[in-house]
Amino acid sequence: MRASSDGDQYDRVAGVWLDGVEIFRTITAEPDANGGFWTVRKNVTRYDSLLRRSNLTVTVMLENVVDDELTGAYNVDLALLYYQNYIRVPSSSDSDHHKLRHLKEYRSVDFVNRERKLGFTDGELGFESEKLTDSATMYYSTTPADLIIPISNVPKEEGSWFRIEKGSDIGSREIQIPLNTSKAVLEVYVSFHGEDEFWYSNPPDAYIKKNNLTTGRGHGAYREVLVSVDGGFAGSVIPLPVVYTGGVNPLLWEPIVGIGTFNLPTYDFDLTPFLGMLLDGKSHVIGLGVVDSIPFWLVDANLHLWLDQGSSAVQAGVINTQAPAVAIRRDAKFQHLDGSFKIGALRSSQFSGWVKTSEGNFTTQVFLDFKVKNTVSFKRKGTSKLVQQKVQAQTERRVVSETGVMLSQKIIKRKYPLKMITQARPSRLGGGIYLVETNVSHSLAETSDCGAAGGASAASSLRNKQVSWGWMMVKDQFVLSGFANMNQTLSSKDEFGCFSQIVRATKGRIIGDLKNFTCP
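Counted the way this note's numbering counts, the sequence shown spans residues -3 to 516.
This is the structure in structure tokens:
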């Protein structure tokens, strides 16, 4: 996507859909009076089955307002680049290092182990057939789905996403899936706006009411995105606290934008354990909601389905669903405008179900865990604000044969801490001008370990961290002048090699950019 603007404008949200399937969501840059331009690239290979179809309807939504003060209109070009054949990614590492590693042992696993350990037993078990071994590859690989069903709203002028205004709102769609579905993954798009753009920094309503504040940004700092199947809990996630280009201090994000801003992250939920419910030939409802939300959130989803090409219908059943309510604790202490508000929450869920396909009977087990700690504190009569949040999440997926052989396992761990400090005081210039000092530090760390019996195993890691500081002169929500400094460090490692990059920016200009393709 290439975009440009010819004048002043706020940051805006934009989305792209193909036949109701959202394939891209982004936040625009916040251009000044001189305008601006930027380019965003996204790998959309997972939508392969959709892209191969003809006569697709393309829908693009970019919310924008142009008036005497906000003069910027956006010009956007979208292009799809197709690769005819697979391309091998070159690596500077030794060739032996980026060969896929094979699992050393294949052992029986007790899938009802309550300690959540693998439960390996002594001795090795062979496979009943080559067919069973080959089937493990399907569960481990990242081959795109055969069919994608949109869980989105009826196309409107405001876009095809569901608009969530409060915690009880549910965006839902009734669907019916093919009877030969062997695997199902729900990809959820989510973004937060309006009074909830900085949900992770919101004080409780009691603080706002007691101090007679006019802000609508309240209801506490806990938000959880929920997924449901026929009204029953099927998974949840604490979203990455993406800071948009107009957030906290717009000067911080010139020309380096916040983590996830130009390509908002999506969240995957494996619904394969629920196929026993969904494969009855009837319609079912997939729902999306946001706990404790206030206006407004934009959510929708795509249901990715893998089909059993060897049969017209498969059999499936639900084995276990354990989804205790989230354990949450809130602590609020304040006097007048100063105080501290703490939230701690954790949730552990597990789901399992079997699917009997033309290649065998497989049990899929899914484990979801997260914990979050959040602190919002005010000092100096509310003019100094500190926000700290730590989120840790883990998703584990296992596929087990009917004889107890673990065919594949994938564990994804994520951490995304945030620290934000803002201090405001009247400027010596007077005239209602305030000096606001800002500090923002946030990061995303992700590790992925996966393996398939009789096939390959691989591990990857990604770390992205930003540390920024700046100040600005503000009057009536407009930035008159200021200064900003940003340092960003990115590193990734997988079976193909390593990459790292360190970028530094000051006063809106890149002053350092160092790339490295060697592994430490």
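Beta carbons: idealized from backbone N, C-alpha and C, even for Gly.
Pull up the CB-CB distance for residue i and residue j, whole angstroms please, since I reckon it's below 8 angstroms.
| i | j | result |
| --- | --- | --- |
| L267 | V322 | The pair is not a contact, with the Cβ atoms about 20 angstroms apart (cut-off 8 angstroms). |
| K461 | T485 | 5 angstroms |
| A341 | I324 | 4 angstroms |
| G212 | E191 | 4 angstroms |
| I429 | L476 | 7 angstroms |
| F495 | F513 | 6 angstroms |
| I160 | V9 | Between V9 and I160 the Cβ distance is about 14 angstroms, and since that is not below 8 angstroms, they are no contact. |
Residue j and residue i - do their beta-carbons sit closer together than 8 angstroms?
| i | j | result |
| --- | --- | --- |
| T257 | V238 | yes |
| G349 | P269 | yes |
| G3 | G68 | yes |
| D288 | H189 | no |
| G504 | N481 | no |
| V310 | K352 | yes |
| R326 | V362 | no |
| E442 | S453 | no |
| V223 | F158 | no |
| I252 | V499 | yes |
| A75 | F33 | no |
| K386 | K375 | no |
| Y240 | E183 | no |
| I534 | V17 | With the chain covering -3 to 516 only, the question about residue 534 has no answer from this structure. |
| K338 | T391 | no |
| I307 | S354 | Note that residue 307 corresponds to Ser in the displayed sequence, not to Ile. The answer is yes: Cβ separation under 8 angstroms. |
For residue i and residue j, what's the separation of their Cα atoms in angstroms?
| i | j | result |
| --- | --- | --- |
| T22 | L260 | 6 angstroms |
| T129 | E220 | Low confidence applies to T129: its pLDDT is 42, below 50, so where it sits in the model is not reliable, and the reading given next is rough at best. Computed Cα separation, rounded: 38 angstroms. |
| H332 | S373 | 12 angstroms |
| Y79 | I19 | 18 angstroms |
| N483 | T177 | 46 angstroms |
| N207 | W195 | 19 angstroms |
| E65 | G478 | 20 angstroms |
| G272 | K179 | 11 angstroms |
| G242 | L248 | 9 angstroms |
| T41 | F492 | 19 angstroms |
| V54 | N198 | 37 angstroms |
| V36 | K329 | 44 angstroms |
| W293 | T24 | 17 angstroms |
| Y43 | P140 | 7 angstroms |
| D304 | L274 | 15 angstroms |
| H93 | K162 | Caution is warranted here: a pLDDT of 36 is assigned to H93, below 50, making its placement in the model unreliable, and the coordinate value is therefore given only provisionally. Near 50 angstroms, if we compare the C-alpha coordinates of K162 and H93. |
| Y70 | S1 | 5 angstroms |
| T399 | A312 | 17 angstroms |
| I506 | E250 | 9 angstroms |
| D490 | I408 | 14 angstroms |
| A389 | P235 | 10 angstroms |
| L46 | M469 | 48 angstroms |
| F358 | P27 | 52 angstroms |
| Q318 | P146 | 27 angstroms |
| S487 | V233 | 24 angstroms |
| D73 | L14 | 16 angstroms |
| S148 | V62 | 28 angstroms |
| D142 | R49 | 12 angstroms |
| M210 | N39 | The sequence shown places Thr at residue 210, rather than the Met named in the question. The straight-line gap from Cα to Cα measures roughly 43 angstroms. |
| T418 | N60 | 28 angstroms |
| N245 | T434 | 7 angstroms |
| N30 | Q5 | 11 angstroms |
| V186 | S345 | 21 angstroms |
| F347 | P320 | 12 angstroms |
| G119 | V401 | Any reading at G119 must be qualified, since the residue scores a pLDDT of 32, below 50, and its modelled position is unreliable; the value itself is stated next. G119 and V401: Cα-Cα distance of roughly 12 angstroms. |
| G228 | V432 | 46 angstroms |
| Q497 | D509 | 7 angstroms |
| K367 | N51 | 44 angstroms |
Can you check DSSP and say which residues form a bridge with residue i?
| i | result |
| --- | --- |
| S344 | D365 |
| T262 | Y185 |
| W465 | N435 and N481 |
| P146 | N298 |
| A323 | L342 |
| T418 | K381 and T434 |
| E442 | R410 and L458 |
| A141 | None, per the DSSP bridge assignment. |
| W350 | G313 and T359 |
| K375 | S380 |
| Q390 | D365 and K409 |
| F20 | V12 |
| A202 | For A202, which the question treats as bridged, DSSP gives no partner whatsoever. |
Measuring from the CB of residue i, is there a heavy atom of the ligand FMN at a distance below 7 angstroms?
| i | result |
| --- | --- |
| I23 | Because no ligand of any kind appears in the structure shown, any question about the ligand FMN cannot be addressed here. |
Query raised in the report: Would you call the stretch 287 to 305 and the stretch 160 to 173 in contact, with 3 or more CB pairs under 8 angstroms?
Result: With a cut-off of 8 angstroms, the stretch 160 to 173 and the stretch 287 to 305 count as touching, because enough Cβ pairs lie within range.
Requested in this report: Take every Cβ of the stretch 377 to 395, pair it with every Cβ of the stretch 271 to 291, and state whether three or more of those distances are shorter than 8 angstroms.
Outcome: By the C-beta criterion, the stretch 377 to 395 is judged not to be in contact with the stretch 271 to 291, since fewer than 3 inter-stretch pairs fall below 8 angstroms.
Query raised in the report: Can you find at least 3 beta carbon pairs, one from the stretch 438 to 456 and one from the stretch 409 to 424, that sit closer than 8 angstroms?
Result: At 8 angstroms Cβ cutoff, the stretches touch.
Requested in this report: May I ask you to verify whether the stretch 419 to 432 touches the stretch 442 to 450, counting CB pairs closer than 8 angstroms and requiring at least 3?
Outcome: Inter-segment contact for the stretch 419 to 432 and the stretch 442 to 450 is absent: fewer than three beta-carbon pairs are separated by less than 8 angstroms.
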